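Heads up: the sequence shown at position 27 corresponds to 26 in numbering that gives the first Met the number 0, and the numbers run straight through without jumps. Quick reminder that beta carbons are idealized off the backbone N, C-alpha and C, glycines included. Keep in mind the model is a prediction, meaning the values are calculated, not measured.
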Amino acid sequence: MAIKYTFQGLLIYLVIAAYLLAFLSAVLGRKKAGGRIYLAGFVVAVFAFGYRWHDVRHVPFQNLFEVFLSMGMLVYPLSIFCRRFLRVGGEAADMLIGAIILLPAGFVSHAGPQKLPPALQSWLFAPHVAAYLISYVIMAKATVQAFCQLKIGAGSTKENLVGHEDGTYRMVCLAFPLLTLGLISGSWWGKLAWGDYWGWDPKESWSLASWLVYVGYFHFRYLYGKKYARINSGLVILGIVTIVTTLLWVNLSGLFSGLHNYAS
């Protein structure tokens, strides 16, 4: 763990502090103050994203530092979208998710600018990675709802919000097409870059595993609905485990070697 004594690092720490302060305010019942601080953190996160983009001269999706930086920025707009259009709450949890996501960018991942390798110099680079990152953030939020369902059941419908099981389902429905788009665009990109649609690279394989877990969730829920809500929630939690494995363990464990090692 190392503190980043740079302007980029300062921006990240400001966002983490804002998200944590917003979370604390929300927990203490000061929702309006928490919401304003949450918004302020998002504004700084956008600035940090733009500053990184200017610094490296490409969309900052290349390595884990940039991936976590980007996801930390995405938390707020996705949180607002899910509340307004899907009627799914949990903003306080979203604030905490945002802070946790940014911790690796602030204290772990190497932040030195890197040139894009030839394989990443494609028009598919930005949409492919963006689809995955957005889906990952939504799936993280869905996982919180799944944990809540396991702990306290369906949950209340206060403020016209849906219960935890329904909220989980709505967010997985939103994220799954993006997860699918990421998988398909990655396969197409592989054909253009390496001459084959699929090479059973470790990251490709774990991405497929993540997708199949959510297919299993949809199939099980279609068969039984909410009858086995705890199993539904368990499958969503298993899905985020495979996503974390795809994002972190495949890149950092040293046990896997493949075409995606540049992402570490």
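Residue i classed as buried or exposed, judged by whether at least 16 other C-beta atoms fall within 10 angstroms
| i | result |
| --- | --- |
| residue 2 | exposed |
| residue 59 | buried |
| residue 183 | exposed |
| residue 103 | buried |
| residue 61 | buried |
| residue 223 | exposed |
| residue 201 | buried |
| residue 198 | exposed |
| residue 194 | exposed |
Proximity winner among the options, relative to residue i (alpha-carbon distances)
| i | options | result |
| --- | --- | --- |
| residue 32 | 21, 41, 158 | 21 |
| residue 39 | 58, 7, 17, 167 | 17 |
| residue 160 | 84, 182, 106 | 84 |
| residue 172 | 213, 186, 182, 42 | 213 |
| residue 187 | 196, 221, 62, 100 | 196 |
| residue 43 | 30, 98, 92 | 98 |
| residue 164 | 181, 121, 230 | 230 |
| residue 139 | 35, 241, 116 | 241 |
| residue 50 | 236, 63, 68 | 68 |
| residue 105 | 63, 119, 152, 205 | 63 |
| residue 25 | 79, 207, 89 | 89 |
| residue 152 | 220, 80, 226, 210 | 226 |
| residue 233 | 219, 30, 244, 101 | 219 |
| residue 57 | 228, 125, 34 | 125 |
| residue 29 | 248, 12, 114, 91 | 91 |
Beta-carbon proximity list for residue i, same chain, < 7 Å, skipping 5 on both sides
| i | result |
| --- | --- |
| residue 177 | 130, 133, 134 |
| residue 175 | 213 |
| residue 235 | 141, 142, 145, 167, 171, 216 |
| residue 127 | 181, 184, 185, 188 |
| residue 238 | 138, 209, 212, 213, 216 |
Proximal residues to residue i (C-beta, below 8 Å), its chain only, five neighbours per side dropped
| i | result |
| --- | --- |
| residue 272 | In the structure as shown, the chain begins at 0 and stops at 263. Residue 272 is therefore absent and cannot be evaluated. |
| residue 191 | 121, 123 |
| residue 7 | 47, 50, 51, 54, 110 |
| residue 75 | 37, 38, 40, 41, 44, 93, 97 |
As assigned by DSSP and simplified to three states, the class of residue i
| i | result |
| --- | --- |
| residue 113 | coil |
| residue 201 | helix |
| residue 7 | helix |
| residue 60 | coil |
| residue 120 | coil |
| residue 2 | coil |
| residue 161 | coil |
| residue 107 | coil |
| residue 55 | helix |
| residue 195 | coil |
| residue 227 | coil |
Spatial neighbours of residue i in its chain, beta-carbon cut-off 6 Å, leaving aside the 5 residues before and after
| i | result |
| --- | --- |
| residue 94 | 18, 21, 22, 37 |
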